[in-house]
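The number in this note's numbering is simply the position in the sequence shown, starting from 1, with 16 added. Ideal Cβ positions, reconstructed from N, Cα and C, are used throughout, including at glycine.
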Amino acid sequence: MHLKRKAADASEEVKVIAWTAQKRLCGRYYALTRAGKNTKLACVAIARELVGFVWDIVRQEMPKLTVN
């Protein structure tokens with residue numbers, strides 16, 4: 017329930033990026049582990065990609081914030 021409330025406050029652009037990240041990163045983790053890669057190595061690879069998605073969200077949302 018907590019995640020649904022947080023998602024309700026997010027912009028549509030952020031929701032699209034988050035869903036794209038969810039699909040890509042889950043698929044990538046599955047592919048890496050099915051290929052026999054160490055799960056720790058797969059987690060690090062996924063974390064590195066996740067940073068890119070977070071950067072994209074911040075890049076889009078920062079101009080909307082105003083500094084008082």
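query                                                                                                              : result
Tell me the rounded alpha-carbon separation between residue 29 and residue 45.                                     : 24 Å
Please report how far the alpha carbon of residue 40 lies from the alpha carbon of residue 65, in whole angstroms. : 9 Å
Three-state secondary structure (DSSP) at residue 20?                                                              : helix
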